[in-house]
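Colleague:
Number of protein chains: 2
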Amino acid sequence: MAAVKRLTQRDIAQLAGVSQATVSLVLNGTPLSRSRIPTETRERVEKVIRDTGYVADPVARKMVKGLNRILGVFTYEPAFPSGQADFFTPFLFGIEEAAQTLGYDLLLLTGAGQQRKIFGDNVRLRLADGCVILGRKFDNTELARLVAGDFPFVAVGRRDDAGGPVPYVGGDYAPATSALVERAKSFGHRRIAYVGLNEGAESTVDRWYGFSRSVGEAELVTSIFEVGRPPNEILDILFAAGATCVFVTELADAIAIEHAARTRGLSIPDDLSIVVLGNHIRAEEPGRRFTSFAIPREAMARAATEMLVRRVEHDAPVEQLLLHCEPLEGDTLGAPSSKTKKTK
Amino acid sequence: MAAVKRLTQRDIAQLAGVSQATVSLVLNGTPLSRSRIPTETRERVEKVIRDTGYVADPVARKMVKGLNRILGVFTYEPAFPSGQADFFTPFLFGIEEAAQTLGYDLLLLTGAGQQRKIFGDNVRLRLADGCVILGRKFDNTELARLVAGDFPFVAVGRRDDAGGPVPYVGGDYAPATSALVERAKSFGHRRIAYVGLNEGAESTVDRWYGFSRSVGEAELVTSIFEVGRPPNEILDILFAAGATCVFVTELADAIAIEHAARTRGLSIPDDLSIVVLGNHIRAEEPGRRFTSFAIPREAMARAATEMLVRRVEHDAPVEQLLLHCEPLEGDTLGAPSSKTKKTK
DNA sequence: ATTAGCTGCTAATACGTATCAGCACTTCTG
DNA sequence: CAGAAGTGCTGATACGTATTAGCAGCTAAT
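Residue numbers (the working numbering), protein chains in the order written: chain Y, 22 to 365; chain W, 22 to 365.
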């Protein structure tokens, strides 16, 4: 109970009748130095170590070696589901898997309350060899400091430059969105709407960019750069503009719109096609499978972790990687009904 | 890129024209020593710190102070759901919540493959101030070494002594099981069976103990101390023994038995009551809500974390805590049908 | 017989921080 | 005016390990 003094190499040395340096050499000597310790001595030391159960203090080790085989995982929000929103789980799973394969442990630095900063008084982050950064909102000042500093990190999700290129692994939302637009067009849609933000987070911008790149001037009939607006208002705007298909960035909006449309006795996708940009968590549950694209969260996290380890171990240069997002064949995108077509 | 040398207090000292010791005093001086540094000097040092973005190296800090405000979480199995079995999630959530409240970070030490031992060559565990241990199977030798050693830890789940009392927070399964037995008896059941192991893990033993304590000699008609046996065999044995109610430790067994019974055209709970000992993950999904008791996983994890911090910070004595498990009113326990009763 | 090389070890140092003892100087006290 | 007390700082050391330089003592070679 009364905190027995920890065993140190000095204790082992004394017990084995050698010096501390010899103990250290026995434990992790290079082939060169190891050859200079006779078997007899080595075995004596090893026996003492076995008998006492000594293990080297990783803290002291880290001090001198500089590496820990620990990766930090930084998030502003708490990492575990406080209710249903287990947004982080697939990421954490991917990180853990990769870390384990590579022989690293994980230091979880989750947003302590609201005000947790990377650069605070109590920055335990540097205990790790490097750090994976999770979460959409990320203070840009801090990102810039990270970029400027020497601490290895990799972001999950694309990041704009912050005083220099940011290493990241993200989802390739722009082409994925483009592909869905093309698919809508091939179904015959010529009057397409967009509901969601078009600026702010990089992932948002990418979606809008992919959308606007593929949709023609004549085809984009209306845009609602807003989130969480009452679905009936949205529907009114959509139909006033003669839209046959709507692209939505937020699943919640899509669900609301779908529900409102059904309430009006409309059929989806006959009267209105709905495309969601990215498979959000629990997208399956509402009973309707929205047409969308898959976000390979686990793969992103794995790739980010591997990239981080490359940076840590080999001081690899900054990489930026966007992973392909597979289209998800749902049941909310189809040909516009002839009636609707006639309207045109 | 080329790993710029980390800033140290010496650098700060030089820039501010003071000594390293002064920098350290400015950063974390006691009221006594702080009073001896004039405001002017302190501000000069603080400015340099702000300008350079210096942060103290937590490793060096830990070396001298001995504490880190980091808690380890050790599991043999990977901590995150590799598929459906997110067994650990509620525990991790509870631990994270408590750790965050108490101002600790988490070091995840998940079973690296199959052979991860706490006492291995690469024991990174001691980097933390203490450690929460998760998982049912736990090498008893290692537990004994932990008990004997000076490293603070707390187990989630009751543990038998291992060369000394083990600090833990567990679920109080025995009384919870007893309560369910009493409830079955009050429904009129007089011929009760048990399916599940009766030895091995502490949690298993507790269930059997609670069961056998409450059930009378005459009432226990048969026991199948085995898991995963074909459900039809089980049913045959149960009915041969004239059981009207069966207590099952494994949800999988319960599901199989229920299914097999329905296939035979039997009604549950009329023809057979089924009680599951503990709400296993995703117990809701099969469509049928088994009568059982709740395992307060989050609360257990929180309590364990708080207990660990008490041990770390105040060298508190070993505590052992069992949390109440609330009965879960399901729809698989009811009065035996009169027909069945007549059989008696 | 000197030197070169090998063997078996150890002393010393560095890593970055916290902390204590204490130095040089000023100001107050009697 | 000697001593005490206070002020503003610094030097030294400890923490536990890894690592390098190098010291004895011995053997073999020139």
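Idealized CB from N, CA, C, for every residue including glycine.
1. DSSP state of residue 81 of chain W, grouped into three classes?
2. Determine the direct distance from the alpha carbon of residue 119 of chain W to that of residue 152 of chain Y, and round the result to whole angstroms.
3. Quick one, which of W:315, W:328 and W:356 has its alpha-carbon nearest residue 111 of chain W's?
4. Would you kindly work out how many angstroms separate the C-alpha atoms of residue 244 of chain Y and residue 290 of chain Y, rounded to a whole number?
5. In this structure, how does DSSP classify residue 269 of chain Y when only helix, strand and coil are distinguished?
6. Work out the CA separation of residue 81 of chain W and residue 192 of chain W for me, nearest whole Å.
7. Within 10 angstroms of the Cβ of residue 7 of chain Y, are there 16 or more other Cβ atoms? Answer buried if so, exposed if not.
8. What first and last residue would you give for the alpha helix (DSSP H) that runs through residue 162 of chain Y?
9. Between residue 198 of chain W and residue 179 of chain W, how many whole angstroms is the CB-CB distance? I'm expecting something under 8 Å.
10. Looking at the C-beta of residue 51 of chain Y, does it have a partner C-beta in chain W at a distance below 8 Å?
11. Taking Cβ positions only, does residue 293 of chain W come closer than 8 Å to chain Y?
12. Would you mind reading off the limits of the beta strand (DSSP E) that contains residue 131 of chain W?
13. Kindly indicate the opening and closing residues of the alpha helix (DSSP H) around residue 115 of chain Y.
14. Look at the alpha carbon of residue 358 of chain Y and the alpha carbon of residue 349 of chain Y, and state the distance between them as a whole number of angstroms.
15. Counting only runs of 4+ residues fully inside the segment 277-355 of chain W, write out the alpha helix (DSSP H) ranges in chain order.
16. Between which two residues does the alpha helix (DSSP H) harbouring residue 215 of chain W extend?
17. Going along the chain, which residues of its own chain have a beta-carbon closer than 6 Å to the beta-carbon of residue 312 of chain W, five neighbours each way excluded?
18. Please report the distance separating the alpha-carbon of residue 142 of chain Y from that of residue 219 of chain Y.
19. Return the chain-ordered list of same chain residues with a C-beta closer than 6 Å to the C-beta of residue 330 of chain Y, the five sequence neighbours on each side being excluded.
20. Would you mind listing the beta strand (DSSP E) stretches within the segment 226-250 of chain Y that are 3+ residues and don't spill past its ends, in chain order?
21. Quick one: list the residues of chain W neighbouring residue 64 of chain Y, beta-carbon separation under 9 Å, in chain order.
22. Going along chain Y in order, which residues have a C-beta closer than 7 Å to the C-beta of residue 257 of chain W?
23. Please name the residues in the segment 80-94 of chain Y whose beta-carbon is closer than 8 Å to at least one beta-carbon of chain W, in chain order.
24. Taking only the alpha-carbon atoms, compute the straight-line gap between residue 221 of chain Y and residue 183 of chain Y and give it to the nearest angstrom.
25. Taking a contact to mean a Cβ-Cβ separation below 8 Å, would you say residue 309 of chain Y touches residue 279 of chain Y in this structure?
26. Is the separation between the beta-carbon of residue 173 of chain W and that of residue 339 of chain W shorter than 8 Å?
27. With 16 as the cutoff for other CB atoms within 10 Å, does residue 83 of chain W come out buried or exposed?
28. When burial is assigned at 16 or more other CB atoms within 10 Å of the CB, is residue 273 of chain W buried or exposed?
29. Using a Cβ-Cβ distance under 8 Å, would residue 131 of chain Y count as near chain W?
30. Strictly below 7 Å CB to CB, what residues from chain Y border residue 126 of chain W?
31. So, is the C-beta of residue 148 of chain W closer than 8 Å to a C-beta in chain Y?
32. Tell me whether residue 58 of chain Y sits in a helix, a strand or coil according to DSSP, three-state version.
33. When the cut-off is 8 Å and only beta carbons count, does residue 30 of chain W lie next to chain Y?
34. Residues of the segment 155-172 of chain W in Cβ contact with chain Y at a cutoff of 7 Å, in chain order, please.
35. Out of Y:211, Y:95 and Y:113, point me to the one whose CA is closest to residue 319 of chain Y's CA.
36. So is residue 87 of chain W buried or exposed if we call it buried at 16+ other beta carbons inside 10 Å?
Modeller: Based on what the coordinates show:
1. Residue 81 of chain W: helix per DSSP, three-state reduction.
2. Computed Cα separation, rounded: 23 Å.
3. In this structure, W:315 is the residue among W:315, W:328 and W:356 with its C-alpha nearest to the C-alpha of residue 111 of chain W.
4. Each residue's alpha carbon lies about 19 Å from the other.
5. Here residue 269 of chain Y sits in strand by DSSP.
6. Going by the C-alpha atoms only, they are around 39 Å apart.
7. Limits of chain Y in this structure are 22 at one end and 365 at the other, which puts residue 7 of chain Y out of reach.
8. Residues 161-169.
9. So it is not a contact: roughly 14 Å between Cβ atoms.
10. Interface flag for residue 51 of chain Y against chain W is unset, since no Cβ pair is found closer than 8 Å.
11. By this cut-off, residue 293 of chain W is not an interface position.
12. Unbroken beta strand (DSSP E) run through residue 131 of chain W: 126-131.
13. Its alpha helix (DSSP H) spans residues 110-123.
14. The alpha-carbon separation between residue 358 of chain Y and residue 349 of chain Y amounts to approximately 22 Å.
15. Listed in chain order, the complete alpha helix (DSSP H) runs (minimum 4 residues) inside the segment 277-355 of chain W are 318-335.
16. That residue, residue 215 of chain W, is in no alpha helix (DSSP H); its beta strand (DSSP E) goes 213-216.
17. For residue 312 of chain W, where only same-chain residues beyond five positions count, the Cβ hits under 6 Å are 296, 351, 353 and 354.
18. With a pLDDT of only 44 at residue 142 of chain Y, under 50, the local geometry of the prediction cannot be trusted, and no value is derived from it.
19. If we look at residue 330 of chain Y and ignore the five residues flanking it on each side, its Cβ neighbours are 123.
20. DSSP runs (the beta strand (DSSP E)) wholly in the segment 226-250 of chain Y: 241-245.
21. Chain W residues near residue 64 of chain Y: none, gap ~17 Å exceeds 9 Å.
22. Correct list: empty, because the minimum Cβ distance to chain Y is about 39 Å.
23. Those would be 80, 81, 83, 84, 89, 90 and 91, in chain order.
24. Rounded to the nearest angstrom, the two C-alpha atoms are 15 Å apart.
25. The Cβ atoms of residue 309 of chain Y and residue 279 of chain Y sit closer than 8 Å to each other.
26. No.
27. By the 10 Å Cβ count, residue 83 of chain W comes out buried.
28. Answer is exposed; the Cβ neighbour count stays below 16.
29. Chain W contact via Cβ: present.
30. By Cβ distance, chain Y contributes 128, 129, 130 and 145.
31. It does; some Cβ of chain Y falls within 8 Å.
32. Secondary structure of residue 58 of chain Y (DSSP, three-state): coil.
33. Chain Y has no Cβ within less than 8 Å of the Cβ of residue 30 of chain W.
34. Of all residues in the segment 155-172 of chain W, the ones placed with a Cβ closer than 7 Å to any Cβ belonging to chain Y are 166 and 171, in chain order.
35. Among Y:211, Y:95 and Y:113, the Cα nearest to that of residue 319 of chain Y is on Y:113.
36. Around the beta carbon of residue 87 of chain W, fewer than 16 other beta carbons sit within 10 angstroms, so the residue counts as exposed.
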